[in-house]
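**Student:** Here's a structure for you.
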Amino acid sequence: MTILVFDSGIGGLSVLREARILMPGHRFVYVADDAGFPYGDWEEKALQARMSGIFDDLVARYKPAMIIVACNTASTVILPLLREKFSFPIVGTVPAIKPAAEQTRSGQVSVLATPGTVQRDYTRGLIAQFASKVNVRLVGAERLAALAEDFVLTGKVDEAAVAKEIADCFIERLGARTDIVVLGCTHYPFLTNVMRRLAPWPVDWLNPAEAIARHARTLVETPQQVEVVQDLAEFTGGRPQPDMERFLSGFGLRLVAGET
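Mapping to the numbering used here: the sequence shown position 185 is 1646, numbers consecutive.
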């Protein structure tokens, strides 16, 4: 069975990595809408229309058994529409606000996400539903996703820029410090070690990738016979740069020409 994993860039590879471990035997097709990256800058209706067209094309070509939308901003915009259109499971990615509220000791939680995710009513609804007794600070990081992509490809990062992006996550209130930062974008886990080093004090960085993969596994049948299959990747912006091609090859993905 084919499982589509979708993101605006390469951040969703953090989810793909976990899904492969938990769901062997499936063929994964990773789709990066790099032509639309970053999603945090889009107006909601325009972004919904764009993704709707992309998914119509992908479903027609790959006939997936499941779609994993491995992007917080995309999930807040497109999940209801996809679930209305298609009968197979659609798994989304939302900020891990509920587990953060359950795990915090200080009562001070920050959600680090793109400006688009921070501004969505969906995100604020999660806070109202699951974290009403916790102080949740929403931090919109304008450059962090792009910094993460550059870091993955080059191994280099502007630490001063990263420090600036995460600075607002750390607050002291009534003698209590932030103790959990929710990573509200699938790009951010690639920078966890960098952010950990730059943080003014230790916090738990909540990465939702494993939880997403565990949930996805419950929604599809496990193949009775596990076969070695070639996982694929395609980019809506056309063939990516050689550095990206080498990275994808090292990740076990064969690049195919996108038609979206």
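Backbone N, C-alpha and C define an ideal beta-carbon position, used for all residues, glycine too.
Going by the CB atoms, is the gap between residue 1528 and residue 1543 shorter than 8 angstroms?
**Tutor:** yes
**Student:** Residue 1536: buried (16+ other C-beta within 10 angstroms of its C-beta) or exposed?
**Tutor:** buried
**Student:** On the DSSP bridge list, what partners appear for residue 1569?
**Tutor:** Listed as beta-bridge partners of residue 1569 by DSSP are 1596.
**Student:** Tell me, please, which residues DSSP counts as bridged to residue 1488.
**Tutor:** According to DSSP, which records beta bridges pairwise, residue 1488 is partnered with 1463.
**Student:** Kindly indicate which residue of 1620, 1493, 1514 has the alpha-carbon position closest to the one of residue 1546.
**Tutor:** The closest CA to that of residue 1546, considering only 1620, 1493, 1514, is found on 1514.
**Student:** How would you call residue 1475, buried or exposed, if buried means at least 16 neighbouring beta carbons within 10 angstroms?
**Tutor:** buried
**Student:** Any idea if residue 1705 is buried or exposed, counting beta-carbon neighbours within 10 angstroms, 16 or more meaning buried?
**Tutor:** buried
**Student:** How is residue 1520 classed by DSSP in three states: helix, strand or coil?
**Tutor:** Reduced to three states, the DSSP call for residue 1520 is helix.
**Student:** Please classify residue 1614: does DSSP put it in a helix, a strand, or coil?
**Tutor:** helix
**Student:** Please report how far the alpha carbon of residue 1601 lies from the alpha carbon of residue 1576, in whole angstroms.
**Tutor:** Approximately 4 angstroms between the Cα atoms of the pair.
**Student:** Which residues in the same chain as residue 1523 place their Cβ atom closer than 8 angstroms to its Cβ, once the five residues preceding and following it in sequence are excluded?
**Tutor:** Apart from sequence neighbours up to five positions away, the residues of its chain that approach residue 1523 with a beta-carbon distance below 8 angstroms are 1463, 1465, 1490, ordered along the chain.
**Student:** If you drop the 5 nearest sequence neighbours on each side, which residues of the same chain put their C-beta closer than 6 angstroms to that of residue 1656?
**Tutor:** 1627
**Student:** Whose CA, out of 1671, 1478, 1595, 1695, lies closest to the CA of residue 1555?
**Tutor:** 1671
**Student:** Could you say which of 1713, 1659, 1623, 1473 lies nearest to residue 1534 if we only look at CA atoms?
**Tutor:** Restricting attention to 1713, 1659, 1623, 1473, the CA atom closest to the CA of residue 1534 is found in 1473.
**Student:** I need the DSSP call for residue 1557, collapsed to helix, strand or coil.
**Tutor:** coil
**Student:** Grouping DSSP H, G and I as helix and E and B as strand, with all else coil, what is residue 1722?
**Tutor:** For the chain, the structure presents residues 1462 to 1721; residue 1722 sits outside this window and is missing.
**Student:** Assess contact between the segment 1592 to 1608 and the segment 1563 to 1574, defined as three or more Cβ pairs (one per stretch) separated by less than 8 angstroms. Is contact present?
**Tutor:** yes
**Student:** Would you say the segment 1495 to 1509 touches the segment 1666 to 1681, given that touching needs at least three Cβ pairs under 8 angstroms?
**Tutor:** no
**Student:** So, are the CB atoms of residue 1644 and residue 1667 less than 8 angstroms apart?
**Tutor:** Yes, the Cβ-Cβ distance between residue 1644 and residue 1667 is below 8 angstroms.
**Student:** What first and last residue would you give for the alpha helix (DSSP H) that runs through residue 1582?
**Tutor:** 1582 to 1591
**Student:** Classify residue 1586 as buried or exposed, calling it buried when 16 or more other Cβ atoms lie within 10 Å of its own Cβ.
**Tutor:** exposed
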